[in-house]
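*Asks:* Using my numbering, the first residue of the sequence shown is number 5, and each one after it goes up by one.
The C-beta atom is built at its ideal place from N, Cα and C for all residues, glycine as well.
The structure that follows is given in the form of structure tokens.
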Amino acid sequence: MSTFDLSSLTVLVTGATSGIGHETARQLAERGATVLVHGRTLAEARAATERLAATGLDAGRLCALSADFGCLDEVTAMARRVLADHPRLDVLVNNAATAAPERHTLTADGYETAFQVNFLAHYLLTRLLEPVLTDGPGGRVVNVSSSLHRTASLQWNDLQRSRRYSRLAAYAQSQLALTVFAADPRVTAVSVHPGVCATGLLSLYGVEGEPAARGAAHVVRLCDPATDVVNGAYYDRDERVEPAPGATEGRTVKRLTRRADELVGRHA
């Protein structure tokens with residue numbers, strides 16, 4: 005990985021208490037970035053920042069944030085804190101993810117768990133942080149997606165998968181939605197499959213995983229302003245490739261945006 009200095013950057017990494025998210029936060033901090041470390045609870049986020057600081061990283065450039073993505077009101081509250089405390093945000097890394105439960109499960113907000121945690125919460129967070137992400141040049145969003153998005157379809161009449169549920173299909177749909185969302189023109193965004201890594205999601209792939217640090221390096225590369233990106237681009241590790249057919253098609257992007265706006269509207 006490049007060792008270019010990133011000390012001018014402020015980056016929010018969701019799901020930064022373990023796996024690829026934690027390694028992404030570490031590698032960004034090692035290169036000097038100010039890193040907002042998100043966890044499901046404040047205790048988990050603080051523990052993650054303490055682990056990073058214990059390796060010799062500057063604790064003053066690490067900030068713990070919390071929101072349970074199963075509760076959209078918590079996402080809104082976290083976004084408001086970021087807007088109040090960090091008037092400039094250079095990069096948002098939408099990384100937090102959960103494997104879909106074995107049985108069809110709804111969040112307290114009434115949405116299928118994987119669809120909300122992996123997509124809707126990130127959609128809402130991105131929309132709320134849009135003012136600071138677009139305030140200066142180079143602002144961008146990096147969506148950590150999955151090659152499994154290629155196996156998915158957006159069930160427009162049943163996005164909550166209430167009629168026909170499969171945990172793999174639910175997870176894949178959430179990753180397809182995240183990939184489609186990257187093509188939204190309001191904020192420069194890309195999506196990346198960081199490789200199959202040894203994280204809590206490994207069971208979905210049924211194969212051995214690479215170290216999380218290796219996957220994180222592909223994410224960090226896309227955070228670097230020296231890496232030119234095109235809105236909506238999809239990367240398989242460090243190679244730009246075409247996403248699933250239709251993932252960047254204008255009508256699909258607009259339709260998903262309308263539906264997502266309807267679903268998160270009262271929380272925005």
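1. Quick check on Val245: buried or exposed, where buried means 16 or more other Cβ atoms within 10 Å of its Cβ?
2. Restricting to Cα atoms, I'd like to know which of Leu10, Ala187, Ala101 is closest to Glu34.
3. Mind the definition here: the stretch 232-245 touches the stretch 184-191 only if three or more C-beta pairs lie below 8 Å; say whether that holds.
4. Which partner residues of Cys67 appear in the DSSP bridge assignment?
5. Would you mind stating whether Ala49 and Leu32 have Cβ atoms separated by less than 8 Å?
6. Going by DSSP, what residue range makes up the beta strand (DSSP E) through Glu243?
7. Where does the unbroken beta strand (DSSP E) through Thr231 begin, and where does it stop?
8. Rounded to whole angstroms, what is the Cα-Cα separation between Cys227 and Val145?
9. Identify the continuous beta strand (DSSP E) that holds Thr18 and give its terminal residues.
10. Can you tell me whether Ala272 is buried or exposed, with buried defined as 16 or more other CB within 10 angstroms of its CB?
11. Tell me whether the beta-carbon of Asp94 lies closer than 8 Å to the beta-carbon of Gly143.
12. From Pro229 to Asp113, what distance separates their C-alpha atoms?
13. How would you label Ser6, buried or exposed, when you count the other beta carbons within 10 angstroms and need 16 or more for buried?
14. Here's the rule: buried if 16 or more other CB atoms are within 10 angstroms of the residue's CB, otherwise exposed. What is Phe73?
15. In terms of residues, what are the limits of the beta strand (DSSP E) holding Tyr240?
16. Assign Val194 to one of three DSSP states: helix, strand, or coil.
17. Kindly list the residues whose CB is nearer than 8 Å to the CB of Glu78, restricted to its own chain and excluding five residues on each side of it in sequence; keep chain order.
18. Let me make sure I understand the geometry here. Which of Ser157, Ala264, Asn161 has the alpha-carbon closest to that of Val172?
19. By alpha-carbon positions, which one of Gly199, Ala81, Thr252, Thr53 ends up nearest to Ser150?
20. With Leu61 as the anchor, note down where its alpha helix (DSSP H) starts and where it stops.
21. Is the stretch 212-224 in contact with the stretch 257-266, if contact means three or more CB pairs nearer than 8 Å?
22. Are the CB atoms of Val97 and Thr18 nearer to each other than 8 Å?
23. Could you give the DSSP three-state label for Leu158: helix, strand or coil?
*Replies:* Looking at the atomic coordinates:
1. On the sequence shown, residue 245 is found 241 positions in, with the first residue counted as 1. Exposed, by the Cβ-count rule.
2. Translated into the one-based positions of the sequence shown, residue 34 becomes position 30. For the residues Leu10, Ala187, Ala101, the minimum Cα distance to Glu34 belongs to Leu10.
3. Below 8 Å, enough C-beta pairs join the stretch 232-245 and the stretch 184-191 to call them touching: three or more.
4. Numbered from its first residue, the sequence shown carries residue 67 at position 63. Looking at the DSSP assignment, Cys67 forms a beta bridge with Leu40.
5. On the sequence shown, position 45 is the one that residue 49 refers to. On the sequence shown, position 28 is the one that residue 32 refers to. No, these two residues do not count as a Cβ contact at 8 Å.
6. Taking the sequence shown and counting its residues from 1, one reaches residue 243 at position 239. Glu243: member of the beta strand (DSSP E) spanning 243-245, first to last residue.
7. If you number the sequence shown from 1, residue 231 lands on position 227. No beta strand (DSSP E) holds Thr231; DSSP gives it neither H nor E.
8. Looking up residue 227 in the sequence shown gives position 223. Looking up residue 145 in the sequence shown gives position 141. Going by the C-alpha atoms only, they are around 8 Å apart.
9. By 1-based counting over the sequence shown, the position of residue 18 is 14. Run containing Thr18: none; DSSP gives neither H nor E here.
10. Reading the sequence shown from its first residue, position 268 is the one you call residue 272. Under this definition Ala272 is an exposed residue.
11. Within the sequence shown, the letter at position 90 stands for residue 94. Within the sequence shown, the letter at position 139 stands for residue 143. In this structure, Gly143 lies closer than 8 Å to Asp94 by Cβ.
12. In the sequence shown, the residue the question calls residue 229 occupies position 225. In the sequence shown, the residue the question calls residue 113 occupies position 109. Roughly 36 Å between the two C-alpha positions.
13. As a working note, residue 6 is residue 2 in the sequence shown. Since pLDDT at Ser6 reaches only 44, below the 50 mark, its modelled position is unreliable, and the value read off the structure follows with that caveat. Exposed, by the Cβ-count rule.
14. Position 69 of the sequence shown holds residue 73. Label assigned to Phe73: buried.
15. Position 236 of the sequence shown holds residue 240. Note that residue 240 is Asp in the sequence shown here, rather than Tyr. In the DSSP annotation of this structure, the continuous segment of the beta strand (DSSP E) that includes Asp240 starts and ends at 238-240.
16. In the sequence shown, the residue the question calls residue 194 occupies position 190. Note: Val194 maps to strand in three-state DSSP.
17. As a working mapping, residue 78 is identified with position 74 in the sequence shown. Counting only Cβ-Cβ distances below 8 Å, and skipping sequence neighbours, we find Ser70, Ala71, Asp72.
18. One-based indexing of the sequence shown puts residue 172 at position 168. Residue 172 is actually Leu in this sequence, not Val. Among Ser157, Ala264, Asn161, the Cα nearest to that of Leu172 belongs to Ser157.
19. In the sequence shown, counting from the first residue as 1, residue 150 sits at position 146. Comparing Cα positions, the closest option is Gly199.
20. By 1-based counting over the sequence shown, the position of residue 61 is 57. Unbroken run through Leu61: none, as it is neither H nor E.
21. By the Cβ rule, the stretch 212-224 does not count as touching the stretch 257-266, because fewer than three pairs are nearer than 8 Å.
22. Position 93 of the sequence shown, counted from the start, is the residue given in the question as residue 97. Position 14 of the sequence shown, counted from the start, is the residue given in the question as residue 18. Yes.
23. Counting from one through the sequence shown, the residue named residue 158 turns up at place 154. Note: Leu158 maps to coil in three-state DSSP.
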